[in-house]
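So the structure is just underneath, and the comments pick up after that.
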Amino acid sequence: MGNRIVNLKHTVAALGLWVLLGGISFAQVSPPAAAELLQDLRDAPAAEAARIERDVQRAWARSGSAAMDLLYSRGRDAMSEGDTTLAIAHLTALTDHAPDFAEGYHARAQAYFAAGLYGPAIDDLETTLALNPQQYNAIFGLGAILQEFGDLRAAADLYRRVLSINPHHDNAQRALDGLRRDGIGRTL
Numbered sequence: 001m002g003n004r005i006v007n008l009k010h011t012v013a014a015l016g017l018w019v020l021l022g023g024i025s026f027a028q029v030s031p032p033a034a035a036e037l038l039q040d041l042r043d044a045p046a047a048e049a050a051r052i053e054r055d056v057q058r059a060w061a062r063s064g065s066a067a068m069d070l071l072y073s074r075g076r077d078a079m080s081e082g083d084t085t086l087a088i089a090h091l092t093a094l095t096d097h098a099p100d101f102a103e104g105y106h107a108r109a110q111a112y113f114a115a116g117l118y119g120p121a122i123d124d125l126e127t128t129l130a131l132n133p134q135q136y137n138a139i140f141g142l143g144a145i146l147q148e149f150g151d152l153r154a155a156a157d158l159y160r161r162v163l164s165i166n167p168h169h170d171n172a173q174r175a176l177d178g179l180r181r182d183g184i185g186r187t188l
């Protein structure tokens, strides 16, 4: 068991550095509407940020297929009810039938994480970011996993990357502030 945790830590660290250094070959970028919204989000005053974030999430959550959107919705609903097994089943069906839909992988990563399945969660976060490198919540999720496994510098770098895309991401700012209080990510 101990060896598996150590190996997983190395895998997580390598993945974090790979993402940070741009090692993912991006197959698809954000939809044009989402790209415009992301620019608006970067420039928005705090009072407008929550509305724009919701608009970004709605744009990303559209698969282009009513059937796939239904699977996505069922997976999200199952997660809301705490049924990670059912969520994973719905979201696996979604990713099987819509392999280019980044949010399917992101939602399944969240379900895997909630189920304590970190390896599959990391795999799905990697796929999410390959399909949508601007998915700031997936970047945050990867940072949270790296932080949990003790790779604090890489986690801080990922939180900074989140904030470069969405400067209003409160969870990333709190996480980064916490790491800075612990002396991680400070420049001398």
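Numbering follows the UniProt record's numbering, with no gaps: position 120 of the sequence shown is 120. For glycine and all other residues, C-beta sits at the position ideal for the given N, C-alpha and C.
Residue i versus residue j - alpha carbon distance
{"i": "R174", "j": "Q39", "result": "22 Å"}
{"i": "D182", "j": "R76", "result": "35 Å"}
{"i": "D69", "j": "H97", "result": "11 Å"}
{"i": "L86", "j": "A78", "result": "6 Å"}
{"i": "R51", "j": "D170", "result": "14 Å"}
{"i": "A47", "j": "A155", "result": "28 Å"}
{"i": "F149", "j": "Y118", "result": "10 Å"}
{"i": "V56", "j": "I184", "result": "30 Å"}
{"i": "A172", "j": "I88", "result": "26 Å"}
{"i": "L146", "j": "L152", "result": "7 Å"}
{"i": "A107", "j": "A138", "result": "9 Å"}
{"i": "A109", "j": "I122", "result": "7 Å"}
{"i": "P45", "j": "L179", "result": "26 Å"}
8 Å contact criterion, which residue i and residue j should meet: CB distance rounded
{"i": "A49", "j": "L41", "result": "6 Å"}
{"i": "L91", "j": "A111", "result": "6 Å"}
{"i": "L71", "j": "A93", "result": "6 Å"}
Chain C within 8 Å of residue i, Cβ atoms only
{"i": "S65", "result": "No chain C appears in this structure, which consists of one protein chain only."}
message: Suppose only complete runs of 4+ residues qualify. What are the alpha helix (DSSP H) ranges in the segment 53-103, listed by chain order?
response: Counting whole runs of 4 or more residues, the segment 53-103 contains the alpha helix (DSSP H) stretches 66-80 and 84-97.
- prompt: With contact counted as at least three CB pairs below 8 Å, one residue from each stretch, are the segment 60-69 and the segment 97-112 in contact?
  reply: Cβ pair count under 8 Å is three or more, so yes.
field: Inter-stretch contact (C-beta, 8 Å, three-pair minimum) for the segment 159-177 and the segment 116-131
entry: Two segments are said to touch when three or more pairs of C-beta atoms, one from each, lie closer than 8 Å; by this definition the segment 159-177 does not touch the segment 116-131.
Secondary structure, alpha helix (DSSP H): runs of 4+ residues fully inside the UniProt repeat "TPR" (136-169): Counting only runs of 4 or more, we get 136-148 and 152-165.
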